[in-house]
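First the structure, in the form of structure tokens, and then the observations on it.
Protein chains: 4
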Amino acid sequence: MTQIKNIGVFTSGGDAPGMNAAIRAVVRTALYHDMQVTGIRRGYEGMINGDYEFLHRKSVSNIIQRGGTILKSARSEQFKTAEGRKLAHYQLKKHNVDALVAIGGDGTFTGAKALYEEFGIPVIGLPGTIDNDLTGTDYTIGYDTAINTVINAVDKIRDTAESHDRLFIVEVMGRDSGMIALRTGVASGAESVLIPESKDDLVGLFDRLENGRKDKSSRIVIVAEGEQEGGAFHIGNIVKEKFPHIDTRVSILGHIQRGGKPTCMDRVLASRLGYAAVEALKAGRSGEMIGVIHDEIAYTPLEKAIEKSSEINLNLLKIVEILSL
Amino acid sequence: MTQIKNIGVFTSGGDAPGMNAAIRAVVRTALYHDMQVTGIRRGYEGMINGDYEFLHRKSVSNIIQRGGTILKSARSEQFKTAEGRKLAHYQLKKHNVDALVAIGGDGTFTGAKALYEEFGIPVIGLPGTIDNDLTGTDYTIGYDTAINTVINAVDKIRDTAESHDRLFIVEVMGRDSGMIALRTGVASGAESVLIPESKDDLVGLFDRLENGRKDKSSRIVIVAEGEQEGGAFHIGNIVKEKFPHIDTRVSILGHIQRGGKPTCMDRVLASRLGYAAVEALKAGRSGEMIGVIHDEIAYTPLEKAIEKSSEINLNLLKIVEILSL
Amino acid sequence: MTQIKNIGVFTSGGDAPGMNAAIRAVVRTALYHDMQVTGIRRGYEGMINGDYEFLHRKSVSNIIQRGGTILKSARSEQFKTAEGRKLAHYQLKKHNVDALVAIGGDGTFTGAKALYEEFGIPVIGLPGTIDNDLTGTDYTIGYDTAINTVINAVDKIRDTAESHDRLFIVEVMGRDSGMIALRTGVASGAESVLIPESKDDLVGLFDRLENGRKDKSSRIVIVAEGEQEGGAFHIGNIVKEKFPHIDTRVSILGHIQRGGKPTCMDRVLASRLGYAAVEALKAGRSGEMIGVIHDEIAYTPLEKAIEKSSEINLNLLKIVEILSL
Amino acid sequence: MTQIKNIGVFTSGGDAPGMNAAIRAVVRTALYHDMQVTGIRRGYEGMINGDYEFLHRKSVSNIIQRGGTILKSARSEQFKTAEGRKLAHYQLKKHNVDALVAIGGDGTFTGAKALYEEFGIPVIGLPGTIDNDLTGTDYTIGYDTAINTVINAVDKIRDTAESHDRLFIVEVMGRDSGMIALRTGVASGAESVLIPESKDDLVGLFDRLENGRKDKSSRIVIVAEGEQEGGAFHIGNIVKEKFPHIDTRVSILGHIQRGGKPTCMDRVLASRLGYAAVEALKAGRSGEMIGVIHDEIAYTPLEKAIEKSSEINLNLLKIVEILSL
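Chains as they are written, first to last, in the UniProt record's numbering: chain F, 1 to 325; chain R, 1 to 325; chain U, 1 to 325; chain B, 1 to 325.
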């Protein structure tokens, strides 16, 4: 095993609060071990285009509390081709980057795996996505911040729901996963939670609106966005038609869910993972995502990490239902 | 002038943060002067339906910091008819309510004016609406909170805009008025602000996207909702078509803008106005809205207050443009 | 095992955000199982004084997002005597309370254990304290909110520290435990963390100030309050004396750490625990605290729960040090 | 009048949220008029030491929402001497700075006035201080943010006060001025407000505690820090002695009041003032502070601005008293 002298770090995919804390941890830990750190801007696109810069101690000062990613992120169609990856490899060599820390979600790790397998570059992945849908970690960087953003928004919406005796259908992020919807449903005292993992929730909601208590002054229904953003409007229309006496409104939370200052938990998670990533590369590990399972650092092969996690605590659905009686 | 013994207070129209602080101020000031206070729930609808309750000192404990309105709000078609108003008057008499404090916007004051003119009930209006579109007050209760909610949301969106080099079109509330859009446009460092009061902004935006700096990493455009919510999607589509190389997204902030804890300014404003409303009734005033102009209590006839204010500081549009260069 | 018909619920010790979410969950779950719920106000003091009220579905509406405890809390010297506890038992019988859910910390559980042992009343304890210092749960209700309150405060302080090149010594809560200090130290990018569990941190801090980088523009040191509040002033004086060229200030965060809206995690935790408490009583369990370990509900005998947890992840201290280089 | 080519901008005195928004506005407006901008770091100290840097369009990107000041601030004993000021002048000339925008409070303006009078350098002052104690502007940059920070902190403290039936004495900033205390007292529903401008408040508080309602579950007293920080402890001790049955606690909010993201109002104010400062210099104005009075730009000679404003709305004290009945 050759000694690593220059770690490249980048973020890719949707930005998530805490990415900056992870970058900071990678940089500071690498410098502590007398390695250099090269920031690769705009993910795989920048990797191909030579968008590199050295990161110093001060490059990551005062960013632990900032949302977004100072390294920016971008999609890259080019990287999906063999030729594009060759260009990326060429640039990495040119900039003497001899190991990588890739922060992102499943798309990021698919790319990282390719670099590792095709060119033998040591790669560690860190889970950075608000969706919390990866195998190999209890939480992804950004998830805790996103769910707090959601409940703060729903708290505001509830003020209006209470004041006007309304039902609000609130759509939250989560394309294939109800992770955000489920936790925020419990935490916001929702009437009902509609998620991809559980198909007949809508029937249950109708049943409750039909046969349940009539004296509720406000109702919140949380809907995971599912296939495409704005699906909540469809559900809203059905509810309005079936229950015309209920004053029903729809709110799509949208992009506010990605940004903002990371929570304490996200900053601690990101700091621990960034630290562990450098330690792992130093110890010769590669091709793995580092996560935290039961509060311990855990290593998962990248190909396994990108299998979307299906472990959703469906018991929480029952808790939502009982507690909103 | 008969002495007032029992003041009825109610909120009507869209809820606004600070309404509770105003209710608290009305109740406590009236009790201080040994008057009773009757809370009328659900606006004019509740006034007709007899939805009344006595408000005591403790009824308004610990609500100064709460969004929404503990008295709830509702629309009333019935009240728009002479018969409906007769019923309202009947109920007011039955509950010995001999004066009213009406908290809301122009619709609220139109109703209050009718009660005053048709039945001679002393009425004072307080401006409670996030839109800040009334004549006779520098600020309405709820406006300051709403604009802070907006900029906090845009700050989050900017994290993503910066991270992905995107243009975000953010729609904020304000049907006929750009008050919210204009202030939040300045405060969020927006590229451009599109408001009903200024028609050719879109042309200006296109010109800037066409001929302006190309190296901007993110752009925020604030759009007042105008005629109907969701109009920003339309603008988004035009921008996407004309500027396909710009990664453009749309975010409708929607209902989160109405709720939340009132800011310091809204609480102080609401407290002062609630206090002044009772003092005014006690002094024999009626048929007026009480606002604050240049930090002084100001009285405006209700018929004048509901003339929508057109005084928008268009100089701010120029500041937006120059500061976002 | 007799069937439980009326569950008494109370909070005791210092208030913690999320207690209301736990009360709500207990009430709603019990009603779901057709049991009654009696709220006992002001902890053991109210239990003795007969400060009881029935809790209905609506009694716990719209409280999931509120800090503090609607049941209030108080200290009780009387309950520490055998006579006091007899009185408590008498009142419980008089109000037909046949099982208890006690929400609080070690003092609360010591009392609960006595009731259970002396009078055979079924009792379940729920961990409600910001200190996170109990055995048998990964997190206590309120901890996550408190650490977020701390980092938001430190973020503000850092603005000034950065602007004036200052060192700030920030004292956070935690009498015998560095749990709050350690996590918030990592999350706020602190220079150093001083906690009861690690004795020679002060020497390490002096060493860094003496021999470390001189070009740091701001420094944050987090101190657990230890024996008595305000100890940070003492440390501040030593630092000022030894390093007169460093502009050093002290900030005691104090009581703001206990209040505020609970975070998503605290609301979910509290909801799950409140639900589990009722299920446990129904299943005949007693004398146990219910916590969450590795995201699973866990039962721990009360006498074991009150052994203060010493499991602090000291590896985080090293991470603080390396990341603030 | 010579044409201004290079404007120097600096912040001095205590940092205040919104200073960055003002710096951004100065830079962007100057660039719009084809002037250069030189940032002078660390106030007068940096002016003497040659701590200068050119500010470009991107130097002020994405700072409108940040607390503190990117130009840093510092005290300067040297500048108080004639020799120090000569050095400052020498450095200004050396860096071709031919006009200044000074952002800060009375100390800042005293210095600015000296530069203007002794060397004829065109100078405009902008009011940047959380204290809101200057003549010539309704609000200073930072004040609105500070009072919102205070009420958010007091909201948290009230959770505990309510839960434990306590009286909290909360000390807020304001050495010679009760501006912060008074507004936040109204907005937090305080029992009483103790400020330098009104001497016998303490007697009034005692009277209320002695003869007022006994059934209040919580009480908040807001105290302006006055001569020295921590004075609230003294008051706390008196209250504890005179009213031993009241559970009284003291909380010093301290430095959290200076930092944090500026509110919408502070960002708008700072943007308008920064814009107006450059326009004023361009128009040949000098020796003035620019503020906003009745929502209009207002110019006040620096010597008048530094006369501390004594206009405090004492009517608010009465409102505090009546509303907290």
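All C-beta atoms, glycine included, are put in the ideal place defined by N, C-alpha and C.
Relative to I238/F, the option among T135/F, F206/F, D155/F whose CA is nearest is F206/F. Of all alpha-carbon atoms in A25/R, T81/R, Q36/R, G212/R, the one lying nearest the alpha-carbon of E45/R is that of T81/R.
Looking at the backbone, the Cα of S251/R and that of F168/R are separated by about 7 Å. Residue environment: P17/B is assigned as buried (16 or more neighbouring CB atoms within 10 Å of its CB, all protein chains considered).
For L126/F, the enclosing beta strand (DSSP E) starts and ends at 123-127.
Of the residues R272/F, F54/F, G68/F, the one whose Cα lies closest to the Cα of T160/R is G68/F. Near chain B, meaning a CB-to-CB distance below 7 Å, the residues of the region 233-263 of chain U are R249, S251, I252, G254, H255, I256, R258, G259, G260.
Beta-bridge pairing by DSSP links V37/B to I7/B. Here Q257/U is buried. Its C-beta has 16 or more other C-beta atoms within 10 Å. Contact note: T69/R reaches chain F through S163, using a C-beta cutoff of 7 Å and chain order. The C-beta distance from I141/F to A298/F rounds to 14 Å, too long to fall under 8 Å, and the pair is not in contact. For E45/B, the enclosing alpha helix (DSSP H) begins and ends at 43-49.
In this model, T300/B and D295/R are separated by some 20 Å (Cα to Cα). In summary, the residues of the region 140-162 of chain B whose CB is separated from some CB of chain U by less than 9 Å are T149, N152, A153, V154, D155, K156, I157, R158, D159, T160, A161, E162, in the order they occur in the chain. Neighbours of G189/F in chain U, taken as residues whose beta carbon is under 7 Å from its own, are I64 in chain order. Counting every other CB atom within 10 Å of its CB across the protein chains shown gives F233/F a total below 16, marking it as exposed. Residue pairing by DSSP places E162/B opposite no residue, since no beta bridge is assigned to it. Here L314/B is exposed: its Cβ has fewer than 16 other Cβ atoms, across all protein chains shown, within 10 Å.
Taking a C-beta distance under 7 Å as the contact criterion, I70/R and I64/R do not qualify as a contact pair.
Across the set G13/R, R175/R, T248/R, the C-alpha of R175/R shows the shortest separation from the C-alpha of A224/R. Non-local C-beta neighbours of V172/F in its own chain, meaning closer than 8 Å and more than five positions away in sequence, comprise V150, I180, A181, T184, I222, V223, A224, E225, L253, Q257, ordered along the chain. If one requires a minimum length of 3 residues, the beta strand (DSSP E) runs lying completely within the region 194-282 of chain F are 219-224, 247-252, in chain order. If you compare the alpha carbons of R28/R, S12/R, R75/R with that of L55/R, the shortest gap goes to R28/R. For M289/R, the uninterrupted beta strand (DSSP E) run begins and ends at 288-293, by DSSP.
The C-alpha of A30/R lies about 7 Å from the C-alpha of Q36/R.
Within 10 angstroms of the beta-carbon of T2/R lie fewer than 16 other beta-carbons, which makes it exposed. If one requires a minimum length of 3 residues, the beta strand (DSSP E) runs lying completely within the region 47-116 of chain F are 52-54, 99-104, in chain order. Not a single C-beta of chain U is nearer than 7 Å to the C-beta of Y116/F.
A buried status is given to P127/U, since no fewer than 16 other beta-carbon atoms sit within 10 Å of its beta-carbon. At the C-beta level, G111/F and M289/F stay beyond 7 Å of one another. Between N211/B and the set L92/B, A283/B, L325/B, G236/B, the nearest pair of CA atoms involves L325/B. Take the alpha-carbon of G107/B and the one of V186/F: they are about 53 Å apart. Annotated three-state conformation of A146/B is helix, per DSSP. CA-CA distance, L100/B to T248/R, rounds to 39 Å. Using a Cβ-Cβ cut-off of 9 Å, K72/F is close to E162, S163, H164, D165, S217 of chain R, given in chain order. In the three-state reduction of the DSSP assignment, I312/B falls in the coil class, being assigned neither a helical nor a strand state.
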